[in-house]
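Chains as they are written, first to last, in our numbering: chain A, 40 to 428; chain B, 187 to 780. Quick reminder that beta carbons are idealized off the backbone N, C-alpha and C, glycines included. Bear in mind that the values here come from a model prediction, so they are computed numbers and not experimental data. The block underneath contains the structure these notes are about, expressed in structure tokens.
Given below as structure tokens:
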């Protein structure tokens with residue numbers, strides 16, 4: 040008995056629908072993507088002021104970011120002991136940014152959760168007492184987002200790339216900030232166009248006390264460091280050896296003022312370099328290669344450190360022809376390195392580095408002595424889990 | 187999926203009690219309506235005995251209802267009633283959106299999630315009304331299907347089943363997961379309620395259509411295509427159904443069954459499922475082979491349209507579906523948030539009806555028995571009208587709630603607990619507002635003061651509470667001019683007017699009329715905190731300053747009338763709106779009390 044056309048249509052329909060339905064549940068193939076190295080600086084850092092040495096690290100160890108709070112530690116001048124100095128009154132789970140100058144330390148709280156602006160706190164007594172201040176905007180997520188000049192003039196880099204300035208410390212406390220430049224204006228300026236400026240990463244003061252700003256450029260080999268000369272932004276003239284189309288784009292990861300000039304840390308592809316400026320010319324270090332940078336910071340005399348992936352750490356002493364020096368592999372959980380404690384002692388010249396390792400709410404201080412890290416202190420921080428949920 | 191989540195526990199006692207109360211209240215109304223309709227009918231019958239005949243569309247002597255249609259009507263009627271009863275489970279009001287709709291939609295594409303989120307948000311704004319409405323609509327449709335035997339009433343019941351079924355299929359089942367990966371007949375694809383929709387559409391067909399085998403053939407052909415497609419889907423390589431174990435972990439089927447075994451249920455059932463999961467892990471290939479062959483065989487038999495083959499397929503299909511219902515679907519309705527018995531029982535009813543529809547001549551033998559039904563048409567008409575009234579009882583408040591953009595205050599009450607009714611003089615104060623002007627409580631006499639305590643650098647609750655206050659002002663409309671929205675700084679360090687102004691800018695409060703954000707010296711603030719029972723302190727290690735969330739309602743005479751926790755809880759869209767509604771209600775009460 041032969042099957043009629045209706046049967047054939049049924050079978051055809053069945054197969055077509057079956058195929059279509061099966062197609063609905065088919066998963067797309069995964070596309071492998073090669074990720075570029077993570078050359079973005081964390082807010083974890085350290086800095087040295089006349090009051091002492093400071094370190095910023097995130098603690099809590101919680102999967103919920105609002106339960107991880109940033110802590111400020113201080114090793115006061117002439118002491119070897121660390122203590123907790125986090126300013127109170129504001130939840131700092133959005134991150135802390137600090138800058139020293141004019142005999143004080145200014146700490147900015149990055150916005151988090153429902154808070155959209157950045158309260159500030161200033162201490163002139165090594166973190167024993169804090170005075171509140173206000174930046175009615177969101178600080179940028181970069182360790183170089185605040186700078187304090189010798190006169191108390193303060194710069195703030197905002198999340199949207201705008202640079203604001205408070206003429207005095209009192210103005211900063213009262214929230215009286217004025218815009219100095221916007222990313223759009225800087226990018227449209229001649230030096231901005233020249234390097235293809237696409238984002239701002241740090242602010243500082245130059246040797247002439249004028250503001251300096253640094254960022255990321257898209258033009259290969261062009262470094263975006265600009266100085267403000269009476270309202271006109273000019274290139275600071277940083278060029279990298281062998282720059283050109285074959286070179287990667289340059290991102291300024293860190294920028295700080297040093298006596299008589301500035302120091303900067305740069306990422307070019309997988310290379311990291313230090314650069315020093317004396318107001319007229321730049322000195323650039325040899326590169327160090329890394330797959331990613333976890334934290335960075337500056338020490339006295341233009342010294343700098345890098346905490347890299349795989350427990351690697353590199354330090355460099357300063358402009359005078361120095362090269363990167365690898366430290367012994369840092370202890371597990373190290374989130375920040377701290378240069379030696381006095382303002383006159385540069386790394387590698389008799390001082391010793393501290394490595395601050397975090398595990399949940401416990402901070403362990405390791406000190407480098409005779410080529411090995413030794414545990415010297417532990418601090419249990421009373422992290423207030425759930426206080427900002 | 188923002189918006190859908192009320193953030194409250196489905197077992198929240200306030201929600202559960204309110205849901206129960208709403209069901210009892212509406213149940214009593216439904217009962218009264220039925221009694222009223224009954225009386226109406228009885229009266230009408232007394233006056234005009236002949237009028238009731240024929241209203242149900244059944245007259246003696248007409249051919250009896252086709253067996254297939256009877257099976258669909260009563261089968262799905264019972265299922266709808268059962269689903270309605272499941273909707274009355276205590277956790278349903280607070281849990282359906284978050285525990286049922288959201289997880290089902292999570293693996294679907296963004297546009298499905300967006301659509302489901304819209305429905306879930308409407309539910310989470312009015313969980314009690316929505317929960318109760320679902321109960322009455324489903325019970326009503328089920329009853330309507332059962333009691334309306336013939337005629338337009340009966341076909342309308344089928345149409346109602348289609349409409350409601352589609353709503354449930356889209357919003358409750360995210361299109362039965364057909365756009366999500368992992369679709370399988372075993373777990374309920376393409377959504378149990380889609381089967382209700384098909385059945386409803388068949389019931390809505392003209393009755394004459396059932397007197398020939400054509401509807402049965404078409405239904406079985408459709409089912410045949412469906413089973414064949416499901417067999418292909420089940421057999422498709424790479425979907426994970428063949429291996430019992432993959433990468434050291436249980437395969438797809440074992441994992442699904444293990445998840446079902448985790449549903450709260452009697453131990454012997456979970457043991458049964460766990461046992462089958464182990465079996466499927468060990469003999470994954472064989473289990474899937476049996477499933478694929480069974481689905482393909484049923485598909486082929488239904489497609490053939492031959493009664494004998496279909497009969498075999500039907501009986502073996504019933505056994506197969508029941509096994510899947512028990513061993514894979516875990517009955518579908520356990521755990522306190524099951525909304526239906528999943529797909530197997532409706533599917534059995536559907537293909538059994540298809541088989542019966544193949545042999546319409548046999549219905550003549552049944553005719554005398556069911557002709558008796560035609561002798562009681564009035565009762566059925568009254569019952570059908572009652573069922574429709576029950577549906578409207580659920581649908582009307584649900585429709586009203588759906589167009590209401592503000593949430594039910596029950597959510598706020600569930601979070602904050604009952605407010606404390608007071609009648610105490612409000613402690614006076616004199617502080618500085620955000621513009622530097624001195625403001626005293628005495629100066630606000632004649633207005634209702636809604637007052638709270640906010641930290642201007644707060645990262646969590648305070649900005650949310652401020653938004654709730656702002657929304658309250660908007661909801662009060664013309665009455666807002668008689669209400670002052672007041673916040674007092676609750677931070678011992680960050681308390682200058684620079685911060686209150688920054689907070690106002692952040693929250694868009696600078697243009698809100700009658701908004702005051704007050705601050706002062708630490709001693710001034712300390713006194714206000716103390717008098718109103720607010721504990722404020724700085725915490726170490728980067729934590730936010732701590733303070734309790736409190737709101738007070740002060741009447742125009744300066745007396746505290748209500749005190750409630752203003753902790754916004756999960757601070758979802760619905761709970762924020764709910765708090766604003768509650769504060770607005772308290773403000774209106776205080777205005778009336780003045």
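Annotation: the continuous alpha helix (DSSP H) that includes residue 307 (chain B) extends over 296-311. Shown here for residue 325 (chain B): same chain residues with a beta carbon closer than 7 Å to its own, the five before and five after excluded, namely 267, 270, 576 in chain order. With contact defined as three or more Cβ pairs closer than 8 Å, the stretch 490-510 of chain B and the stretch 225-233 of chain B are not in contact.
Here residue 275 (chain A) has 251, 264, 265, 266, 316 as same chain residues with Cβ atoms under 7 Å from its own Cβ, once five neighbours each way along the sequence are excluded. Excluding sequence positions up to five before and after residue 750 (chain B), its CB lies within less than 6 Å of the CB of 602, 605, 737, all in the same chain and listed in chain order. The C-beta of residue 758 (chain B) has 16 or more other C-beta atoms within 10 Å across all chains shown, which makes the residue buried. DSSP, reduced to helix, strand and coil, places residue 681 (chain B) outside both helices and strands of the structure shown, so it counts as coil. Within the stretch 376-459 of chain B, the alpha helix (DSSP H) runs of at least 4 residues that lie entirely inside it are, in chain order, 378-389, 400-421, 438-447. Burial check for residue 667 (chain B): the Cβ neighbour count within 10 Å stays below 16, so the residue is exposed. For residue 541 (chain B), the nearest beta carbon of chain A is not closer than 8 Å to its own beta carbon. In the three-state reduction of the DSSP assignment, residue 467 (chain B) falls in the helix class. The beta carbons of residue 286 (chain A) and residue 254 (chain A) sit no closer together than 8 Å.
Against residue 395 (chain A), chain B offers no close residue; the least beta-carbon distance is about 15 Å (beta-carbon pairs closer than 7 Å). For residue 624 (chain B), the enclosing beta strand (DSSP E) begins and ends at 624-626.
In the pairwise beta carbon analysis, the stretch 443-456 of chain B is classified as not touching the stretch 468-482 of chain B: fewer than three pairs are separated by under 8 Å. At the C-beta level, residue 157 (chain A) and residue 150 (chain A) come within 8 Å of one another.
The beta carbon of residue 405 (chain A) lies closer than 6 Å to those of 370, 394, 412, 414 in the same chain, with the five residues before and after it left out. Along the length of the stretch 218-297 of chain A, whole alpha helix (DSSP H) runs at least 4 residues long occupy 222-227, 229-234, reported in chain order. When beta bridges are read from the DSSP output, residue 307 (chain A) appears opposite A:289, A:310. Assignment of residue 416 (chain A) by DSSP, reduced to helix, strand and coil, places it in the strand class. Contact check between the stretch 486-493 of chain B and the stretch 335-352 of chain B: fewer than three CB pairs, one atom from each, fall below 8 Å, which does not count as touching. Taking residue 580 (chain B) as the centre and dropping the five residues before and after it, the same chain places the C-beta of 319, 322, 323 closer than 6 Å to its C-beta, in chain order. Within a 10 Å sphere around the beta-carbon of residue 723 (chain B) sit fewer than 16 other beta-carbons, which makes this residue exposed.
For residue 650 (chain B), at least one C-beta of chain A is nearer than 8 Å to its own C-beta.
Assignment of residue 153 (chain A) by DSSP, reduced to helix, strand and coil, places it in the coil class.
Burial check for residue 254 (chain B): the Cβ neighbour count within 10 Å reaches 16 or more, so the residue is buried. The beta carbons of residue 222 (chain A) and residue 195 (chain A) sit about 14 Å from each other, so the pair does not count as a contact at 8 Å.
Under the three-state reduction of DSSP output, residue 288 (chain B) falls in the helix class. Note that the stretch 122-130 of chain A touches the stretch 100-114 of chain A; at least 3 beta-carbon pairs, one per stretch, sit closer than 8 Å. Boundaries for residue 354 (chain B): no alpha helix (DSSP H) harbours it, and the DSSP string shows neither H nor E there. The stretch 79-86 of chain A makes contact with the stretch 335-349 of chain A, as at least three CB pairs between them are under 8 Å. In this model, residue 191 (chain A) and residue 146 (chain A) are separated by some 14 Å (Cα to Cα). By the C-beta density criterion, residue 227 (chain A) is exposed, having fewer than 16 other C-beta atoms within 10 angstroms. Residue-level contact by beta carbon fails for residue 639 (chain B) and chain A, as no gap is shorter than 8 Å. Taking a contact to require three or more Cβ pairs closer than 8 Å, the stretch 453-461 of chain B and the stretch 379-393 of chain B do not qualify as touching. For residue 82 (chain A), no Cβ of chain B is located within less than 8 Å of the residue's own Cβ.
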